[in-house]
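Under our numbering, the first residue of the sequence shown carries the number 2, and numbering increases by one thereafter. Every residue gets a Cβ at the ideal spot worked out from N, C-alpha and C, and that includes glycine.
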Amino acid sequence: MKFVVKTDVGIRRTVNEDRVDVFEHNDSVILSVIADGMGGHNAGDVASEIAVSEFHKYFSTIDENAISTTEEAKEWLNYAFQSINQSVIKHSTENVGCEGMGTTLIAGLFYGKTGVIAHVGDSRVYRITDQKVEQITRDHSYVNALLDSGEINEEQAKVHPKKNVLMKAVGTEKTIHPDFYKVNIQANSYFLFCTDGLSNKLSEATIQSTLFSTMSLEEKGVSLINDANSAGGEDNISLILLSNVDEEV
2 MKFVVKTDVG IRRTVNEDRV DVFEHNDSVI LSVIADGMGG HNAGDVASEI AVSEFHKYFS
62 TIDENAISTT EEAKEWLNYA FQSINQSVIK HSTENVGCEG MGTTLIAGLF YGKTGVIAHV
122 GDSRVYRITD QKVEQITRDH SYVNALLDSG EINEEQAKVH PKKNVLMKAV GTEKTIHPDF
182 YKVNIQANSY FLFCTDGLSN KLSEATIQST LFSTMSLEEK GVSLINDANS AGGEDNISLI
242 LLSNVDEEV
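Listed below in structure tokens is the structure:
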């Protein structure tokens, strides 16, 4: 798969607490990682940096021959999540000014025609074709808990005052329980990993229209960032765009 990685501080923020990257191993395994340091908490940028840099460290020693099934991929991802969670907690307790820090974290491990995604927080992954936009992950948020209980509806959720309150994040609990999703890599499709600075600002229709325009992959990534800034840009904006479409990078 081809890919582009983009991050932007936004219009209203002075610090970018997002960290995002894609790592490749011998052209056979791809790891996509996106983390959004918890806004309003101390050292959110430190938490997200620890998450992505440690994932890179673990991935640099991966044996691609040991990742051939969904269960093996889940086991590897879960190990990384548990280790990173402990690292964030350790750093927050040992460094003044980092108390209470945390981060969302999504990692997608792609091998062959399959991917396994591990997810904590409210950053998102979408699978997008010219026919459909599918949100793969489900936000670990207070608003989603209210939706699940039937206390509010989808329209109320969009404007709820506690929309950004997380129920789960890396570094805030001794043990972390990520959600896992198995996905197939379809022809003429995209995977979009993004922080809420993008998903809160752009409709699924706008995202789909941009991706299936005549722009290059690089230009599509830039366009999504610019559109989110034009829609307010109150938060940091980050994305990974993985393409299985025959197009110019």
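Taking the beta strand (DSSP E) that residue i belongs to, which residues open and close that run?
i, result
"Asp-180", "180-185"
"Glu-205", "No beta strand (DSSP E) holds Glu-205; the alpha helix (DSSP H) holding it covers 205-212."
Taking 7 Å as the limit between beta carbons, can you name the residues of its chain near residue i, skipping five residues before and five after?
i, result
"Gly-45", "Glu-18, Gly-38, Met-39, Met-102, Thr-104"
"Asn-86", "Val-171, Gly-172, Ile-177"
"Lys-75", "Val-117, Phe-181"
"Gln-1", "In the structure as shown, the chain starts at 2 and stops at 250, and residue 1 therefore has no counterpart that could be examined."
What would DSSP say about residue i, mapped onto helix, strand or coil?
i, result
"Asp-140", "coil"
"Gly-38", "strand"
"Ile-63", "coil"
"Ser-239", "strand"
"Val-251", "Residue 251 cannot be examined here, being either before or after the span of the chain that is shown, 2 to 250."
"Ser-69", "coil"
"Ser-84", "helix"
"Ala-119", "strand"
"Thr-94", "helix"
"Ser-217", "coil"
"Val-250", "coil"
"Val-16", "coil"
Per DSSP, residue i is paired with what?
i, result
"Val-126", "Phe-194"
"Ser-33", "Val-23, Gly-109"
"Glu-135", "Arg-128"
"Thr-173", "DSSP, once it has assigned bridges, lists no residue as partnering Thr-173."
"Ser-244", "Lys-3, Tyr-191"
If I measure Cβ to Cβ from residue i and keep anything under 8 Å in the same chain, skipping five residues before and after, which residues do I get?
i, result
"Phe-82", "Leu-106, Ala-108, Ala-119, Val-121, Val-171, Ile-177, Pro-179"
"Gly-138", "The question names Gly, but residue 138 is Thr in the sequence shown. The answer, listed in chain order, is Ile-107, Ile-118, His-120, Ser-124, Arg-125, Val-126, Asp-180, Tyr-182."
"Glu-235", "Gly-11, Ile-12, Arg-13, Arg-14, Gly-198"
"Ser-84", "Glu-55, Tyr-59"
In terms of residue numbering, what span does the alpha helix (DSSP H) encompassing residue i cover?
i, result
"His-161", "Segment: none, His-161 is in no alpha helix (DSSP H) and carries neither H nor E."
Taking all protein chains shown into account, decide if residue i is buried (16 or more other Cβ within 10 angstroms of its Cβ) or exposed.
i, result
"His-57", "exposed"
"Gly-233", "exposed"
"Val-166", "exposed"
"Thr-94", "exposed"
"Asn-66", "exposed"
"Gln-209", "buried"
"Ala-206", "exposed"
"Thr-196", "buried"
"Glu-50", "buried"
"Arg-16", "Reading off the sequence, residue 16 comes out as Val, not Arg. It counts as exposed."
"Ser-69", "exposed"
Could you tell me if the beta carbon of residue i falls within a distance shorter than 8 Å of some heavy atom in the ligand ATP?
i, result
"Ile-226", "Among the components of this structure there are no ligands whatsoever, and the ligand ATP is therefore not found."
Short of 6 Å in beta carbon distance, which residues of its chain neighbour residue i, apart from the five on each side in sequence? Order them along the chain.
i, result
"His-161", "Val-144"
"Val-53", "Arg-20, Asp-22, Val-34, Ala-36"
"Leu-243", "Met-2, Phe-4, Phe-192"
"Asn-201", "none"
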